[in-house]
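Student: Under the working numbering, think of the first position of the sequence shown as 291, with each following residue one higher.
Cβ atoms here follow ideal geometry from the backbone N, Cα and C, with glycine treated the same way.
Got a structure here, written out as structure tokens. Questions coming.
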Amino acid sequence: MAENNTILEKLEGLVARFEEVSTLITDPNVIGDQKRYVKLTKEYKELGDIMAARKEYLQCLNGLEEAKMMMAENDPEMKEMAREEAAACEARIPQLEEEIKLLLVPADPQDDRNAILEIRGGTGGDEAAIFAGDLFRMYSKYCESKGWKLEVSNANEGAAGGFKEIICSVTGDKVYGTLKYESGVHRVQRVPATETQGRVHTSAASVAVLPEAEPFDVEINEGEIKWDTFRSGGAGGQNVNKVESGVRLRYNWKNPNTGVVEEILIECTETRDQPKNKERALSRLRTFIYDKEHQKYIDDIASKRKTMVSTGDRSAKIRTYNYPQGRITDHRINYTIYNLAAFMDGDIQDCIDHLIVAENAERLKESEL
């Protein structure tokens with residue numbers, strides 16, 4: 291019962307906090323402070339899940355005690371019922387303990403956010419751009435299957451197809467918490483469409499998944515932003531090239547980690563509507579600054595970790611796509627499957643699930659629950 295006691299002790303400690311937060315979120319002063327209110331409603335939801343698990347856990351522990359007492363009765367029918375009840379409780383208790391342990395490990399506060407997804411062709415020239423295009427298609431299909439909305443904010447096409455660079459925003463439920471595992475270098479081994487000799491080449495594309503910043507996460511002096519407008523290039527109707535709908539934003543930002551002032555340049559040509567492009571460019575500026583400021587926090591977490599599952603080095607090779615063998619290998623968790631065609635069609639959930647399990651095991655080890 292010792293383990294039960296530690297879990298129960300931890301849960302008891304949170305009951306008072308849950309009651310306090312329940313009261314706070316109805317306080318008009320708190321509701322007036324948007325930043326604090328958002329933070330508290332999120333905490334309320336997380337604590338609510340823990341309280342629901344605590345309730346079921348206590349019911350099971352009490353149910354088991356009662357069933358054991360009923361087994362001492364003389365009535366054979368009562369005995370049989372008690373035995374069944376005890377067996378059901380004994381099976382459920384360890385499951386609940388695992389669920390509660392995970393709920394008690396602090397989640398990454400970024401997990402619930404939307405994300406900015408950036409894909410860039412790396413080494414391998416035209417073939418790398420084609421592969422970046424294949425990855426973009428894979429993520430588009432995956433987002434579609436999750437019911438998420440993916441919007442391209444900037445794209446630079448490759449000479450032979452695909453993209454040298456493509457940046458999009460993804461909105462939906464727990465987007466960053468799911469897609470963050472995709473950050474890193476993706477390597478492809480195949481015979482490129484541009485190759486005449488039929489030799490297998492190795493190329494790479496890098497993927498960065500950034501948590502989208504909320505307006506109040508980052509302080510930007512909008513008066514200091516320099517805006518330019520230009521005509522969007524590329525294929526399109528009569529309107530695209532005649533109207534100055536593309537926007538370019540320049541902003542001088544002092545990096546708090548280094549003290550150096552950097553100029554940030556962001557272009558957005560996504561829509562034919564200039565105000566919309568401005569809004570999206572601003573959102574990307576916020577995310578860029580937020581990401582830079584949080585990189586230190588992410589590096590700190592990464593340096594404490596023995597293995598790297600989600601956060602950390604974006605230049606690490608995380609996955610290989612081997613076309614001749616129809617094989618996908620994720621190097622972080624030694625996960626290999628042979629369903630490359632389905633995977634490239636967006637069927638990547640199984641791999642993400644394995645990464646989440648590995649990450650959770652690591653977090654449980656760290657928290658020593």
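What do you reckon, are the CB atoms on threonine 534 and serine 443 nearer than 8 Å?
Tutor: Before going on, a small fix: residue 534 reads as glutamate here, not threonine. It is not a contact, given that the beta carbons lie outside the stated cut-off.
Student: Would you mind stating whether tyrosine 429 and valine 508 have Cβ atoms separated by less than 8 Å?
Tutor: Contact: no.
Student: Which runs of the alpha helix (DSSP H), 4 residues or longer, sit entirely within the segment 307–334?
Tutor: Runs found: 318–322.
Student: What whole-angstrom Cβ distance do leucine 337 and leucine 314 have, given they're in contact under 8 Å?
Tutor: The Cβ separation is near 12 Å, so there is no contact.
Student: Can you grab the Cα-Cα spacing for the pair glutamate 363 / glutamate 380, in whole Å?
Tutor: One C-alpha to the other measures close to 20 Å.
Student: What's the C-alpha gap between lysine 391 and methionine 341?
Tutor: So the alpha carbons of these two residues sit roughly 13 Å apart.
Student: So what's isoleucine 623 in DSSP terms, helix, strand or just coil?
Tutor: Of the three classes helix, strand and coil, the one that applies to isoleucine 623 here is coil, per DSSP.
Student: Look up glutamate 512 in the DSSP assignment and say whether it is helix, strand or coil.
Tutor: Helix, per DSSP.
Student: Where DSSP assigns a beta bridge to histidine 476, which residues make up the other side?
Tutor: DSSP lists Ala495 and Arg609 as partners of histidine 476.
Student: Among the residues of its own chain, which have a CB less than 6 Å from the CB of arginine 595, if the five just before and after it don't count?
Tutor: Note on arginine 595: pLDDT 45, under 50, position unreliable in the model; no value is reported.
Student: Grab me the residues of isoleucine 638's own chain with a C-beta within less than 6 Å of its C-beta, minus the 5 sequence neighbours each way, in chain order.
Tutor: Excluding residues within five positions, the ones whose Cβ falls inside 6 Å are Tyr432.
Student: Could you check whether valine 551 and lysine 542 sit closer than 8 Å to each other, using their CB atoms as the reference points?
Tutor: For the record, residue 542 in the displayed sequence is asparagine; it is not lysine. Yes, the Cβ-Cβ distance between asparagine 542 and valine 551 is below 8 Å.
Student: If distances are taken between C-alpha atoms only, which option among Pro546, Gln385 and Ile321 comes closest to glutamate 583?
Tutor: When only C-alpha atoms are compared, the closest one is Pro546.
Student: Cutting at 8 Å between CB atoms, please list the residues of its own chain near valine 311, excluding the five before and the five after it.
Tutor: Only Leu330, Glu333, Tyr334 and Leu337 meet the Cβ criterion.
Student: Output the boundary residues of the alpha helix (DSSP H) element that contains lysine 431.
Tutor: Its alpha helix (DSSP H) spans residues 415–436.
Student: Is there contact here, the segment 404–417 with the segment 483–501, by at least three beta-carbon pairs under 8 Å?
Tutor: Segments in contact, yes.
Student: What separation, rounded to the nearest whole angstrom, lies between the Cα atoms of glutamine 479 and glycine 423?
Tutor: Taking the straight line joining both Cα atoms gives about 15 Å.
Student: By the three-class DSSP mapping on this structure, what secondary structure does valine 442 have?
Tutor: In this structure, valine 442 counts as strand in the three-state DSSP scheme.
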